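K.L.:
Using our numbering, read the sequence shown as starting at 165 and increasing by one per residue.
By construction, the Cβ of each residue, glycine as well, lies at the ideal position given by its N, Cα and C atoms.
Predicted model, so just to flag it, every value in this text is computed and none were measured.
Okay, here's the structure, questions in a sec.
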Amino acid sequence: MIWDMDKGIVKLAPSILSADFAHLGQQVAEAERAGADRIHIDVMDGHFVPNLSMGAPIVESLRRVTHLPLETHLMITDPDLYLDEFVQAGSDSLLVHWEGNNNLHRTVQRVKALGKGVGVVINPATPASVLEEILRDVDQVLVMTVNPGFGHQHFIHTTLPKIRRVRQLIDEIKRGCDLEVDGGIEPTTAPLVVDAGANVLVAGSSIFSDGEGVVAAMERLRAAANESK
Ligand code: DX5
Ligand code: ZN
Numbered sequence: 165m166i167w168d169m170d171k172g173i174v175k176l177a178p179s180i181l182s183a184d185f186a187h188l189g190q191q192v193a194e195a196e197r198a199g200a201d202r203i204h205i206d207v208m209d210g211h212f213v214p215n216l217s218m219g220a221p222i223v224e225s226l227r228r229v230t231h232l233p234l235e236t237h238l239m240i241t242d243p244d245l246y247l248d249e250f251v252q253a254g255s256d257s258l259l260v261h262w263e264g265n266n267n268l269h270r271t272v273q274r275v276k277a278l279g280k281g282v283g284v285v286i287n288p289a290t291p292a293s294v295l296e297e298i299l300r301d302v303d304q305v306l307v308m309t310v311n312p313g314f315g316h317q318h319f320i321h322t323t324l325p326k327i328r329r330v331r332q333l334i335d336e337i338k339r340g341c342d343l344e345v346d347g348g349i350e351p352t353t354a355p356l357v358v359d360a361g362a363n364v365l366v367a368g369s370s371i372f373s374d375g376e377g378v379v380a381a382m383e384r385l386r387a388a389a390n391e392s393k
């Protein structure tokens with residue numbers, strides 16, 4: 165372990181992208197009972213990433229059935245156009261990409277002005293160093309460990325040194341900022357990212373596509389995440 169804040173606490177953020185949408189409320193309730201720390205909602209527009217997923221109505225429906233914080237990962241062009249809508253629907257935090265945003269500082273300030281948590285996301289090919297000037301203003305950093313757009317992809321191992329660099333930056337510049345990872349997180353990769361410094365794990369398919377169910381899957385993931393300690 166190279167990070168020392170909140171030692172021992174790894175948070176799990178189930179991503180509903182891999183949930184059974186015919187039973188979404190039930191699946192989220194199961195994740196809540198199994199100790200999920202927040203629910204991760206992936207929004208895709210078919211432009212920023214080559215896939216479509218869901219929008220604010222899903223957030224609005226989930227807001228009625230769970231007390232968990234709803235974090236919304238915006239994989240969309242022009243996130244500024246939709247910030248109000250997601251906040252009104254019930255999002256507690258908004259995650260916006262560094263890529264494709266010429267005015268990231270403005271976007272971040274807008275989310276803060278709406279009174280919500282804000283995180284910056286970086287894709288696998290984007291270096292940790294781009295975070296240096298924005299880190300003071302955010303509550304979390306999300307390091308993509310797959311290329312965004314789809315669930316069920318393989319973890320990209322070359323992101324591990326970058327997670328370590330982001331942890332270093334956070335420890336130097338913004339202690340208390342969450343370091344979250346997203347993509348290909350399952351029991352074999354969880355200990356690797358925790359060892360590199362991640363303290364929040366997003367997981368979709370390893371939680372919602374597990375044959376033994378959400379509760380068993382989350383227990384396995386949590387146990388694996390704690391292996392590195
Ligand atoms: C991918 C999304 C992820 C996705 C992860 O673009 O941002 O949140 O749900 O899915 P898994 O955990 O299956 O890799
Ligand atoms: Zn995501």
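Can you confirm whether the segment 328-339 touches the segment 286-304 when touching is taken to mean that 3 or more C-beta pairs between the two stretches lie within less than 8 Å?
P.N.:
yes
K.L.:
Counting Cβ pairs, one atom from each stretch, are 3 or more of them under 8 Å apart for the segment 262-271 and the segment 224-234?
P.N.:
no
K.L.:
Report the three-state DSSP secondary structure of M382 (helix, strand or coil).
P.N.:
In the structure shown, M382 sits in a helix (DSSP, three-state: H, G or I).
K.L.:
What would DSSP say about L176, mapped onto helix, strand or coil?
P.N.:
In this structure, DSSP gives L176 an extended state, which the three-state scheme calls strand.
K.L.:
Checking the sheet assignment: what are the DSSP bridge partners for I349?
P.N.:
Answer is none; I349 lacks a bridge partner.
K.L.:
Run the proximity test for H237: is its beta-carbon closer than 6 Å to any non-hydrogen atom belonging to ligand 2?
P.N.:
yes
K.L.:
Is D206 near ligand 2, going by C-beta to nearest heavy atom under 6 Å?
P.N.:
Within the cutoff, so yes.
K.L.:
Helix, strand or coil: which one does DSSP assign to H321?
P.N.:
helix
K.L.:
If we count the other Cβ atoms within 10 Å of its Cβ and call it buried at 16 or more, is A377 buried or exposed?
P.N.:
First, the amino acid is wrong: residue 377 is Gly here, not Ala. So G377 ends up on the exposed side.
K.L.:
Am I right that A362 and V345 are in contact with their C-beta atoms under 8 Å? What's the rounded C-beta distance?
P.N.:
At roughly 5 Å, the Cβ-Cβ gap stays under 8 Å, so A362 and V345 are in contact.
K.L.:
What's the call for D184, buried or exposed, on a 16-neighbour Cβ count within 10 Å?
P.N.:
By the Cβ neighbour-count rule, D184 is exposed, with fewer than 16 other Cβ atoms within 10 Å of its own.
K.L.:
Leaving aside the five residues before and after T322 along the sequence, list all residues of the same chain whose C-beta is less than 8 Å from its C-beta, in chain order.
P.N.:
P288
K.L.:
Suppose you measure from the CA of L365 to the CA of D201; what does that come to, to the nearest Å?
P.N.:
10 Å
K.L.:
Skipping 5 residues on each side, what residues in its chain have a beta carbon closer than 7 Å to that of I166?
P.N.:
For I166, the predicted structure reports a pLDDT of 42, less than 50, and the residue's modelled location is therefore unreliable. A value from the coordinates is still provided. Setting aside the 5 residues that flank it on each side, I166 is surrounded in the same chain by R328, R331, G361, each with a C-beta closer than 7 Å to its C-beta; the list follows chain order.
K.L.:
Is D201 close to ligand 2? I mean its beta-carbon at under 6 Å from any heavy atom of the ligand.
P.N.:
no
K.L.:
What first and last residue would you give for the alpha helix (DSSP H) that runs through I205?
P.N.:
Run containing I205: none in the alpha helix (DSSP H); it sits in the beta strand (DSSP E), 203-208.
K.L.:
Over the uninterrupted beta strand (DSSP E) stretch that includes L306, give me the two end residues.
P.N.:
304-308
K.L.:
Among residues of its own chain, excluding the 5 on either side of P351, which ones have a beta-carbon nearer than 8 Å to its beta-carbon?
P.N.:
Excluding sequence neighbours, P351 sits near S370, R384, L385, A387, A388.
K.L.:
According to DSSP, is I298 part of a helix, a strand, or is it coil?
P.N.:
coil
K.L.:
Could you give the DSSP three-state label for G254: helix, strand or coil?
P.N.:
coil
K.L.:
For D342, which of helix, strand or coil comes out of DSSP?
P.N.:
strand
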